[in-house]
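Heads up: the sequence shown begins at 13 in my numbering, then just goes up one per residue. Data block below; observations after.
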Amino acid sequence: MLPVVPIIGRPNVGKSTLFNRLTKSRDALVYDKPGVTRDRKYGRCTLNGVDFFAIDTAGILGQISSDLEKKIDLQIHQAMFQGDCVIFLVDGRAGLCSSDIEIARELRKIDKLVLVGVNKLEGMTDAVHLAEFHELGFERLVAISSSHGDGIGELLREIKKGFHQKLPTNNLNQDEQGEGVDRISLAVVGRPNVGKSTTVNKLLGEERVVTCDMPGTTRDTVRIPFSWNSRSYTLVDTAGIRKKTKISDLLERFVVIKTLEIIKQSNVVILVLDGSQGITDQDLHIASLVQSSGCALVVGVNKWDKINVNDKFLFKMSINRKLRFLHWARIHFFSAIKGFGIKELMVSVRNAYSAALTEISTSMLNSTLRQLTSRHPPPFKSGFRPKLRYAHQGGRNPPVIVIHGSGLKHLNKDYVKYLENGFRQECRMFGTPLRITLRNSTNPYLKPK
Numbered sequence: 013m014l015p016v017v018p019i020i021g022r023p024n025v026g027k028s029t030l031f032n033r034l035t036k037s038r039d040a041l042v043y044d045k046p047g048v049t050r051d052r053k054y055g056r057c058t059l060n061g062v063d064f065f066a067i068d069t070a071g072i073l074g075q076i077s078s079d080l081e082k083k084i085d086l087q088i089h090q091a092m093f094q095g096d097c098v099i100f101l102v103d104g105r106a107g108l109c110s111s112d113i114e115i116a117r118e119l120r121k122i123d124k125l126v127l128v129g130v131n132k133l134e135g136m137t138d139a140v141h142l143a144e145f146h147e148l149g150f151e152r153l154v155a156i157s158s159s160h161g162d163g164i165g166e167l168l169r170e171i172k173k174g175f176h177q178k179l180p181t182n183n184l185n186q187d188e189q190g191e192g193v194d195r196i197s198l199a200v201v202g203r204p205n206v207g208k209s210t211t212v213n214k215l216l217g218e219e220r221v222v223t224c225d226m227p228g229t230t231r232d233t234v235r236i237p238f239s240w241n242s243r244s245y246t247l248v249d250t251a252g253i254r255k256k257t258k259i260s261d262l263l264e265r266f267v268v269i270k271t272l273e274i275i276k277q278s279n280v281v282i283l284v285l286d287g288s289q290g291i292t293d294q295d296l297h298i299a300s301l302v303q304s305s306g307c308a309l310v311v312g313v314n315k316w317d318k319i320n321v322n323d324k325f326l327f328k329m330s331i332n333r334k335l336r337f338l339h340w341a342r343i344h345f346f347s348a349i350k351g352f353g354i355k356e357l358m359v360s361v362r363n364a365y366s367a368a369l370t371e372i373s374t375s376m377l378n379s380t381l382r383q384l385t386s387r388h389p390p391p392f393k394s395g396f397r398p399k400l401r402y403a404h405q406g407g408r409n410p411p412v413i414v415i416h417g418s419g420l421k422h423l424n425k426d427y428v429k430y431l432e433n434g435f436r437q438e439c440r441m442f443g444t445p446l447r448i449t450l451r452n453s454t455n456p457y458l459k460p461k
């Protein structure tokens with residue numbers, strides 16, 4: 013059982029930068045603006061012979077007033093409870109402030125070892141800038157620079173000493189640890205405020221990510237290991253993607269870029285739509301991005317409980333018309349708040365993943381190719397009919413079918429689409445894009461000019 017170390021502190025002291033340094037990743041979004049991190053983020057640290065789970069947390073606010081701030085504060089306290097020891101990060105350049113003193117008072121209430129990391133001290137005299145932080149009342153202070161890596165080795169040594177003094181309890185469950193398991197990466201995407209985080213929480217059975225009836229609540233991607241029907245997943249909650257014309261903040265641009273990267277890296281994507289608002293142009297834009305990525309896809313229409321019978325009928329007509337280019341994707345209607353439709357949604361996720369990794373025998377592909385070309389031969393073009401000789405599988409995730417023949421450059425798009433649909437039906441590949449690659453055979457008797 014590996015120990016757990018949450019990183020706690022007020023906003024903008026460098027917690028996410030330290031998290032990325034310890035986990036050797038770029039999982040946590042770093043931006044010089046308070047309040048970027050809202051949900052707790054887990055990552056494994058294996059540095060200098062020290063092995064533990066680090067937790068990145070939101071900055072602790074002095075006064076908590078809004079419902080959103082209360083939910084963020086709950087996430088922080090849950091991380092503190094899970095920890096075997098705590099890294100209390102402060103800003104050495106800004107100096108000791110009242111918020112640091114309030115946080116120290118809270119940390120003394122829990123029975124945890126606390127290490128004070130005095131950050132941003134690159135190029136500065138450690139002893140001078142550490143002195144005032146002794147007022148916090150903790151024995152162990154380490155001068156570090158999370159951005160430059162200074163002092164990280166000493167911080168790790170102090171963490172290791174703390175583990176030897178107290179047997180780690182590791183309050184993470186097996187899913188949160190995510191060790192040694194082949195996991196399906198499942199991303200939940202969509203425009204802002206369609207219920208992505210609520211969907212994630214319903215799948216997990218807990219308030220794992222912050223939700224609020226306000227667009228832009230999620231500001232960074234959050235990876236959460238979990239299990240469903242004995243299958244292991246890494247669930248990725250993403251920030252909402254708005255129209256380019258509405259993105260004016262540089263931070264939001266970073267967030268959108270990261271979400272697009274997540275789509276490309278995922279095995280399956282759940283595209284969440286808001287059934288109460290209909291299908292927007294932005295929904296269609298995001299859907300096309302997922303299709304271009306080659307990722308397996310399930311479309312989930314949320315808030316279905318808020319729509320009357322007549323509007324449901326109109327919505328289904330609209331979605332069938334507007335999402336014709338995603339005819340291969342399963343569509344599910346559900347309510348993230350009430351929970352109905354979630355089970356069926358996850359069944360399609362599993363099926364889409366299996367379809368994306370399907371291995372098809374060459375004999376089956378060639379048999380299907382013969383059936384398709386016999387039923388509808390390729391059309392003549394310039395007095396010549398293309399010849400499709402044989403097919404084989406050229407890749408997976410997404411599946412690629414390579415067709416060899418002559419004159420294939422004369423095949424029109426409609427016929428290639430006919431072949432794609434035919435292979436999809438015969439090989440039962442639903443929930444995943446399917447690529448058709450055409451390769452012209454060269455005539456060995458034709459001398460090059």
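We put the CB at the ideal spot given by N, CA and C, even for glycine.
Looking only at its own chain, which residues have a Cβ that is under 7 Å from the Cβ of I164, when we skip the five neighbours before and after it? R33 and I156
Would you mind sorting G312 into buried or exposed? The rule is 16 or more other CB atoms within 10 Å of its CB. buried
Given 8 Å, three or more beta-carbon pairs between the segment 349-359 and the segment 319-328: no
Which residues mark the beginning and the end of the alpha helix (DSSP H) in which H297 is found? D293 to S305
So V130 and G104 are in contact, right, with Cβ under 8 Å, and what is the actual spacing, rounded? 4 Å
Comparing alpha-carbon positions, which option in C57, D286 and Q90 lies nearest F345? D286
For N131, does the three-state DSSP call read helix, strand or coil? strand
So the beta strand (DSSP E) R56 belongs to, where does it begin and stop? K53 to L59
Exposed or buried, what is P411 when buried is set at 16 or more other beta-carbons lying within 10 Å of its beta-carbon? buried
How many angstroms separate the CA atom of L198 from the CA atom of Q294? 21 Å
Among K36, V17 and K53, nearest to P237 - alpha-carbon criterion: K53
Please classify K425 as buried or exposed, where buried requires at least 16 other C-beta atoms within 10 Å of its C-beta. exposed
Taking its Cβ as the centre, do 16 or more other Cβ atoms sit within 10 Å of N320, making it buried, or is it exposed? exposed
N- and C-terminal bounds of the beta strand (DSSP E) containing Q405: K399 to G407
Residue nearest to F145 in terms of C-alpha spacing, selected from A116, V16 and E134: A116
Locate the beta strand (DSSP E) running through S239, then write down its first and last residues. V234 to W240
Whole angstroms are fine: how far does the CA of I122 sit from the CA of M226? The pLDDT assigned to M226 is 43, lower than 50, so where the model puts this residue is not dependable, and the model offers no usable value.
In terms of residues, what are the limits of the beta strand (DSSP E) holding V206? From DSSP, V206 is part of no beta strand (DSSP E); its letter is neither H nor E.
Going by other Cβ atoms of all chains shown within 10 Å of its Cβ, with 16 needed for buried, is C109 buried or exposed? exposed
Bridge partners for R440 per DSSP, in chain order? Its beta-bridge partners do not exist; DSSP assigns none.
Is it buried or exposed, V234, if we count other Cβ atoms within 10 angstroms and call 16 or more buried? buried
Would you identify the three-state DSSP class for F100, choosing helix, strand or coil? strand
Would E170 be called buried (16 or more neighbouring beta carbons within 10 Å of its own) or exposed? buried
Would you check if the distance between the CB atom of G174 and the CB atom of V102 is smaller than 8 Å? no
Please report the straight-line C-alpha distance between A341 and V98, rounded to a whole angstrom. 45 Å
Taking all protein chains shown into account, decide if V248 is buried (16 or more other Cβ within 10 angstroms of its Cβ) or exposed. buried
Based on the DSSP secondary-structure assignment, which residues constitute the bridge partners of L309? V281
When you compare each of Q277, I448 and V200 to I253 by their alpha carbons, which one comes out closest? V200
Please name the residue or residues paired with H141 in a DSSP beta bridge. BP columns for H141 are empty, so no partner.
Secondary structure of L14, DSSP reduced to three states: coil
Following the continuous alpha helix (DSSP H) through V361, name the residue where it begins and the one where it ends. I354 to A368
Round the Cβ separation of V128 and L153 to the nearest angstrom and send it over; I've been treating them as touching at under 8 Å. 5 Å
Determine, using beta carbons only, whether V310 and V361 come nearer to each other than 8 Å. yes
How big is the Cα-Cα spacing for A27 and C57? What sits at residue 27 in the sequence shown is Lys, not Ala. Distance between the alpha carbons of K27 and C57: 14 Å.
Classify K208: buried if its beta carbon has 16 or more other beta carbons within 10 angstroms, exposed otherwise. buried
Tell me, please, which residues DSSP counts as bridged to S159. Note: S159 sits in no beta bridge, so no partner.
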